[in-house]
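*Asks:* Once you've had a glance at the structure underneath, I'll fire off some questions.
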Amino acid sequence: MKVMLLMPIHKTMNSSCVISLVDFIQDMYHSGHYIKMIFTNGFNAA
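Whatever position you read off the sequence shown (first residue = 1), add 1 for the working numbering.
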């Protein structure tokens, strides 16, 4: 499966959120999924 993550650039994340996001991406990647993370200006992420 191809997954695209849209992340607003202006959003701040604490360390536990970043660790959780990295773990999620690793789990998806190791399950054979294609992950693409895109940082956006926040308006086109909706």
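Yeah, the Cβ is synthetic: ideal placement off N, Cα and C, and Gly gets one too.
(1) Which residues does DSSP list as the beta-bridge partners of Met8?
(2) In the DSSP assignment, what are the bridge partners of Tyr35?
(3) Which residues in the same chain as Met2 place their Cβ atom closer than 6 Å to its Cβ, once the five residues preceding and following it in sequence are excluded?
(4) Enumerate in chain order the residues of its own chain whose CB-to-CB distance from Ile26 is below 8 Å, with the five nearest sequence positions on each side excluded.
*Replies:* The answer reads as follows:
(1) The partner list for Met8 (beta bridge, DSSP) reads Phe40.
(2) Tyr35 pairs with Lys3.
(3) The residues are His34.
(4) A distance below 8 Å between beta-carbons, with the five flanking residues on each side excluded, links Ile26 to the following residues of its chain, in chain order: Leu6, Ile36 and Met38.
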